[in-house]
Amino acid sequence: MSARTISIFGATGSVGTSTLDLVRRDRDAYDVQALTANDDIEGLAKLACEFGAKLAVIADEDRYDDLKAALSGTNIGIAAGKDALCEAAGLDPDWTMAAIVGCAGLEPVMAAIEKGKTVALANKESLVSAGALMMAAVKHSGATLLPVDSEHNALFQCLSGGRIEEVRRLILTASGGPFRDWTLEEMCSVTPDQAVAHPNWDMGAKISVDSATMMNKGLELIEAYHLFAVGEERIDILVHPQSVVHSMVEYKDCSTLAQLGPTDMKVPIASALAWPARIETGCGALDLAAIGRLDFEAPDELRFPALRLARAALRRGGTAPATLNAANEIAVAAFLQGRIGFLDIAALVERVLDAADIAEPAGLQDIFTVDRDIRARTSELVGDFSRGD
Ligand code: NDP
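Here the sequence shown is numbered in the numbering used here, starting from 36 and rising by one per residue.
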């Protein structure tokens with residue numbers, strides 16, 4: 036069988052490197068086309084050489100010469116800049132992993148979708164910001180969109196034996212993050228180091244903070260709404276601290292199907308990479324006897340207001356989810372830089388959302404405009420919060 040052509044957007048990140056770990060297990064099965072990064076020249080060059088990529092793309096335009104130097108003496112193509120990311124989709128691989136973090140991944144993922152092949156979607160922020168437009172593009176191009184987020188991949192697997200019209204509820208599980216048991220008072224003094232130390236998952240910094248605020252689950256609610264047409268009111272969130280059950284589908288006959296697995300992103304990535312087949316991941320299988328018990332509890336929207344904000348943004352519709360996402364990206368970055376407190380993240384997002392004009396986006400350009408304006412507005416407000424407002 037001929038090798039499958041693949042590209043990985045965000046190759047140097049947590050999801051990107053886990054994807055390449057799987058590729059490494061069966062090198063001959065894959066022909067690596069494009070690998071991309073933001074500014075990690077060394078990491079990108081190393082991966083491009085190891086996997087014999089056709090093209091290495093660095094998003095930061097100013098780093099072109101550095102990448103060129105790092106790949107001198109190889110026949111790997113080099114490109115830099117945001118447009119080059121989209122052009123990389125033009126290599127038209129059979130399978131693309133969309134694992135850039137944040138709304139920066141939106142244009143490349145749309146370019147990949149327009150090619151009509153298979154796109155494995157980890158970059159939840161792009162779907163949150165432009166969900167309706169992205170799903171319309173999927174329909175138009177005939178692309179296959181496979182969810183990589185562990186919860187959505189779990190739902191996708193649980194739905195494979197049933198019909199969407201027969202679903203009563205989708206149940207997204209949430210670990211509750213590192214502060215699940217903390218009081219609001221204790222959460223006031225959370226540091227970035229504490230917030231990125233997720234109890235179950237090893238992930239990039241931004242998504243780890245999103246898990247700690249539970250904004251991640253809010254973004255996932257919006258993601259699920261677009262991926263699975265059951266309606267927002269049929270999507271529930273359930274805290275499950277062990278992160279063994281990755282999500283569940285309740286059917287109208289009251290049968291509930293759950294997908295369980297180890298807390299290693301290689302499992303959902305492998306599911307998307309091999310779909311509809313299955314491949315070895317090298318992960319340790321679940322030992323349920325050793326785990327012993329599985330706990331579940333309702334989420335607390337008082338301590339984790341991000342959940343309420345995300346659902347409200349989804350109900351408000353239009354550009355509200357893009358506004359939520361852009362404000363959150365800036366707030367998380369400000370928190371990681373030590374400029375605002377942990378609880379300020381949701382407070383800042385709420386203030387921006389309350390003041391935002393929400394409209395129906397006519398196209399991607401409207402989403403980019405909202406994204407740019409909301410980032411600027413949120414950045415201005417960071418100063419107020421850092422002064423203790
Ligand atoms: P990381 O921060 O680990 O990696 C992000 C990747 O995107 C890196 O390759 C980075 O390059 C690149 N990148 C960052 N900013 C830009 C930019 N402005 N333009 C182009 N490329 C950029 O993130 P994760 O791998 O953790 O997450 C990736 C996506 O997957 C996110 O949307 C996240 O929500 C989602 N996800 C992640 C999970 C996880 O377990 N990590 C689980 C489920 C979903 P560089 O290295 O040069 O900075």
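Glycine included, each C-beta is placed from N, C-alpha and C at the ideal position.
- Annotation: the continuous alpha helix (DSSP H) that includes Gly78 extends over Ile76 to Phe86.
- In the DSSP assignment, Asp66 is bridged to Thr40.
- Ranked by Cα distance from Ile393, the options Leu308, Glu415 and Thr358 are led by Thr358.
- Ser421 has no beta-bridge partner at all, per DSSP.
- Secondary structure of Pro303 (DSSP, three-state): helix.
- Per DSSP, Pro234 lies in no alpha helix (DSSP H) and is assigned neither H nor E.
- Boundaries of the beta strand (DSSP E) harbouring Asp271: Ile270 to Val274, taken from the DSSP string.
- Per DSSP, reduced to three states, the secondary structure at Ala312 is coil, with no helix or strand assignment.
- With fewer than 16 other CB atoms across the displayed protein chains lying within 10 angstroms of its CB, Arg407 is exposed.
- Setting aside the 5 residues that flank it on each side, Gln294 is surrounded in the same chain by Ala189, Gln192, Cys193, His281 and Ser282, each with a C-beta closer than 7 Å to its C-beta; the list follows chain order.
- Residue environment for His175: exposed (fewer than 16 other C-beta atoms within 10 angstroms of its C-beta).
- About 13 Å separates the beta carbon of Ala240 from that of Pro213, a gap too long to meet the 8 Å contact definition.
- Fewer than three beta-carbon pairs drawn from the stretch 162-181 and the stretch 80-97 are found closer than 8 Å, and the two stretches are therefore not classed as touching.
- Shown here for Pro182: same chain residues with a beta carbon closer than 7 Å to its own, the five before and five after excluded, namely Leu156, Asn188, Phe191 and Leu262 in chain order.
- At the C-beta level, Ser42 and Ala123 come within 8 Å of one another.
- Non-local C-beta neighbours of Ala391 in its own chain, meaning closer than 6 Å and more than five positions away in sequence, comprise Thr358, ordered along the chain.
- Proximity of the beta carbon of Gly211 to the ligand NDP is not indicated: no heavy atom of the ligand is located closer than 7 Å.
- The residue among Ile326, Ser278 and Arg346 with its C-alpha nearest the C-alpha of Asp271 is Arg346.
- Non-local C-beta neighbours of Arg338 in its own chain, meaning closer than 6 Å and more than five positions away in sequence, comprise Leu219, ordered along the chain.
- Taken through DSSP and simplified to helix, strand or coil, Leu295 comes out as strand.
- Residue side-chain check: Met250 keeps its Cβ at 7 Å or more from all non-hydrogen atoms of the ligand NDP.
- Relative to the ligand NDP, the beta carbon of Asn235 is positioned no closer than 7 Å to any heavy atom.
- At least 8 Å separates the beta-carbon of Asp74 from that of Arg59.
- Judged by the Cβ position, Glu160 qualifies as a neighbour of the ligand NDP at the 7 Å threshold, a heavy atom of the ligand being closer than this.
- In the three-state reduction of the DSSP assignment, Ser414 falls in the helix class, which pools H, G and I.
- Here DSSP, grouped into helix, strand and coil, assigns Met132 to strand.
- Counting along the chain, Met249 sits inside no beta strand (DSSP E), nor does DSSP assign it H or E at all.
- For Asp184, the shortest C-beta to heavy atom distance toward the ligand NDP is below 7 Å.
- With fewer than 16 other CB atoms across the displayed protein chains lying within 10 angstroms of its CB, Lys287 is exposed.
- DSSP places Leu180 in no alpha helix (DSSP H) but in the uninterrupted beta strand (DSSP E) bounded by Thr179 to Pro182.
- Judged by DSSP in its simplified three-state form, Ser195 adopts coil rather than helix or strand.
- Residue pairing by DSSP places Arg204 opposite Glu285 in a beta bridge.
- The continuous alpha helix (DSSP H) containing Ile148 extends over residues Leu141 to Glu149.
- For Ile113, the enclosing beta strand (DSSP E) starts and ends at Gly112 to Ala115.
- Taken from the Cβ of Val280, every heavy atom of the ligand NDP lies 7 Å or farther away.
- DSSP, reduced to helix, strand and coil, places Thr153 within a strand of the structure shown.
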